[in-house]
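Just so we're aligned: the first sequence equals residues 1 to 220 in UniProt numbering.
In this text, a Cβ means the ideal position worked out from N, Cα and C, and glycines have one as well.
Below is one structure; the comments refer to it alone.
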Amino acid sequence: MDIPPIPPWPADEAGALAEQKRLRGLLEDGPGDAEYRLVTGVDVSYGEERLIAAAVTIDTATMETVEESTREGVARFPYVPGLLAFRELPTLLDALAGLKRVPGLLVCDGHGLAHPRGFGLACHLGVLLGLPTIGVAKNAPWPTTEPGPERGDQAPILRDGEVVGATLRTQTGVKPVYVSTGHRTELGAACRAVLALAPKHRQPETTRRSDGLGRRLLRG
DNA sequence: GCGACAG
DNA sequence: ATCTTGTCGC
C-alpha cells in the first residue's frame, strides 16, 4: 500500500512533544457502527542492534491470514514513556508499505487516546496514514478500574473525567487488555472488533500473529 | 532525592 | 522490548 511522506522527524524530546501537539489537532472521530473485514496488526521486535516491524492482515470473516510483511530497521529514537511512536513508527511504516491491500482497520500494540497527552502510537500511525486505527496495550497507561471477571466485561479508562479508553476482558479470568481509539474510530466499535479478534487468547490475533512473525524472523 | 513509566 | 525453567492445562 502507498505510504504518505513522513513529516520531518524530531531530533529530540522537545521536538517530539511539539510534533504530538501538532498532529493531535488532526485526529478525527469514526463511526460507532463500523464492522471491520480486513484488519491489519502491527508489532515491533527488538534485537541488539536492529528492530523488526511486522504487519499481518486477517480476514475477519474466516480469521485467516491474507497477507504478511516485515521490515528491518534501526532505532533512531530512545524509548521514552509517552514517546514510543517516535521509536517504532518509521520501521512500522516500512513494513506497512510492503502490503498490497489497504485494511479497513489497523490494530496497534500500544495506546491510542489513552495516553498522557492523548496521542499514543495508534493515533500517530492513524493520522500519518489517514486510516482507522485502534490501540490495544498489555499494560495500563495509569492506574485504572478493573472490569468484571467475564469475557466481554469492561470498565472505562478516564483522563480528567473523560472516557479515553476501556479495560476489556477478552478471556474470562485473565488480565484485561487496554483499548483506546487511534484515528477515525469509535471506542464501542473498537472493543467489539477486539473481542471478535480475540476468540481464544488474551491478545487479538492480529497482534499475536504479527508478534510471532517478527520474533521468528529476528531469531533464525 | 527516589522510583515509576505503552514497548 | 528482552533476559529465562519448569509447569499446568487443553
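Presumed contact (8 angstroms Cβ cut-off) between residue i and residue j, rounded CB distance
i: residue 44; j: residue 92; result: 7 angstroms
i: residue 41; j: residue 149; result: 26 angstroms between Cβ atoms; not a contact.
i: residue 126; j: residue 201; result: Between residue 201 and residue 126 the Cβ distance is about 24 angstroms, and since that is not below 8 angstroms, they are no contact.
i: residue 84; j: residue 121; result: 5 angstroms
i: residue 33; j: residue 189; result: 7 angstroms
i: residue 156; j: residue 176; result: The Cβ separation is near 12 angstroms, so there is no contact.
i: residue 1; j: residue 106; result: About 11 angstroms separates the two Cβ atoms, so there is no contact after all.
Outcome for residue i when other beta-carbon atoms lying within 10 angstroms are tallied against a minimum of 16
i: residue 224; result: Only positions 1 to 220 of the chain appear in the structure, and residue 224 is not among them; the question remains open.
i: residue 206; result: buried
i: residue 90; result: buried
i: residue 61; result: exposed
i: residue 136; result: buried
i: residue 173; result: exposed
i: residue 145; result: exposed
i: residue 211; result: buried
i: residue 95; result: buried
i: residue 141; result: buried
i: residue 132; result: buried
i: residue 47; result: exposed
Residue i versus the options, residue with shortest Cα-Cα distance
i: residue 102; options: 62, 208, 67 and 90; result: 67
i: residue 129; options: 169, 23 and 15; result: 23
i: residue 70; options: 220, 219 and 214; result: 214
i: residue 31; options: 185, 3, 217 and 76; result: 185
i: residue 216; options: 29, 53, 199 and 35; result: 53
i: residue 51; options: 111, 63 and 73; result: 73
i: residue 170; options: 36, 25 and 196; result: 196
i: residue 168; options: 49, 75, 192 and 21; result: 192
Would you mind listing the beta strand (DSSP E) stretches within the region 115-147 that are 3+ residues and don't spill past its ends, in chain order?
133-137
Using 8 angstroms as the threshold, is the region 75-90 in touch with the region 169-183, meaning 3 or more CB pairs across them?
no
Entirely enclosed beta strand (DSSP E) segments - the region 148-184, minimum 3 residues:
154-159, 162-168 and 177-181
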